[in-house]
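Residue numbers (the working numbering): 177 to 422.
Worksheet: one structure, shown below.
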């Protein structure tokens, strides 16, 4: 197992690790048993010791559990990609992202989903989105499109292209940031942090901002229409008054 020294230059007992991470000793031991957290260094007599890598992993686990509400099985699949031997950051991040995109309770495959999958493939080809054929994002997008179509919204490939443009610009901004580049190019754990931060922690921010802007813009549109109608009604009333005076 890993045996690096903590950022403070010291090894941690399980009690120290609990205090530094904010995770109870019982939870730490549970995560070790479940394979989410690698075991401490037991080479020294008397007790196991932990380090900064354990603190870092526990922060990721807490984000997955507390913010995203992921199950132990989903977390285990995501973390297994990082802990796999000989896997580099690229090998780790894609399966980790896939593990976060679960479709366990999704409806069975039907004609709508098959059509949506074909349209996603067409969209990705046209927009030059290069991802693995088995990428979980493909299935997530296809199932969302199929659900909309079942409700009567016939979403087309062209309807989705503006979303691609917006998301591409945002993704370039995110991945191009100094922090993201540092994490991605550092190690597998850094790649996992990008997957977690991007897929779990920042997506609620995107949704919240979109909802806020939808409220602002839709309210402004409706109010502008009401104001325009009132203005037109006043103009008609003024015109009628002038006609009566004449």
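The beta carbon of each residue, even a glycine, is placed where N, CA and C say it ideally should be.
**Request:** Below 6 Å CB to CB, which residues in the same chain sit around residue 180 once its five sequence neighbours on both sides are set aside?
**Result:** Summary for residue 180: the model assigns pLDDT 39, below 50, so the residue's position carries little reliability; its value from the coordinates is reported in the next sentence. 227, 229, listed in sequence order.
If you draw a straight line from the C-alpha of residue 177 to the C-alpha of residue 242, how long is it?
-> The predicted model places residue 177 with a pLDDT of 35, which falls under 50 and marks its position as unreliable; any figure quoted below should be read in that light. When the Cα atoms are used, residue 177 and residue 242 turn out to be separated by approximately 26 Å.
Check: Is the Cβ-Cβ distance between residue 256 and residue 308 less than 8 Å?
Finding: No.
Checklist line | 8 Å Cβ cutoff, residue 419 in contact with chain B | finding: Note that chain B does not occur in the displayed structure, where there is just one protein chain.
Going by DSSP, what residues sit across from residue 226 in a beta bridge?
188
Discussion item. Considering only the alpha carbon of each residue, which of 240, 214, 275 lies closest to residue 377?
Written reply: 240
Please report the residue range of the alpha helix (DSSP H) in which residue 331 lies. Judged by DSSP secondary structure, residue 331 falls outside any alpha helix (DSSP H); it is assigned neither H nor E.
Checklist line | Whole-angstrom C-beta distance between residue 233 and residue 213, which should lie under 8 Å | finding: 6 Å
Span separating the alpha-carbon of residue 299 from that of residue 342: Taking the straight line from one Cα to the other gives about 14 Å.
Practice problem: Go to residue 300, then tell me how far its alpha helix (DSSP H) extends in each direction, as first and last residue. | Solution: 287-302
Nearest residue (CA-CA) to residue 220, options 189, 245, 252, 244: 189
As an exercise, report each continuous alpha helix (DSSP H) stretch of at least 4 residues that is fully enclosed by the stretch 310-384, in chain order.
At a cut-off of 4 residues, the continuous stretches assigned as alpha helix (DSSP H) that sit fully inside the stretch 310-384 are 312-326, 333-351, 354-360, 364-372.
Going by C-alpha distance, which of 217, 235, 218 is nearest residue 200?
-> Out of 217, 235, 218, 235 has the C-alpha closest to the C-alpha of residue 200.
- residue 327 versus residue 238 - alpha carbon distance: Roughly 36 Å between the two C-alpha positions.
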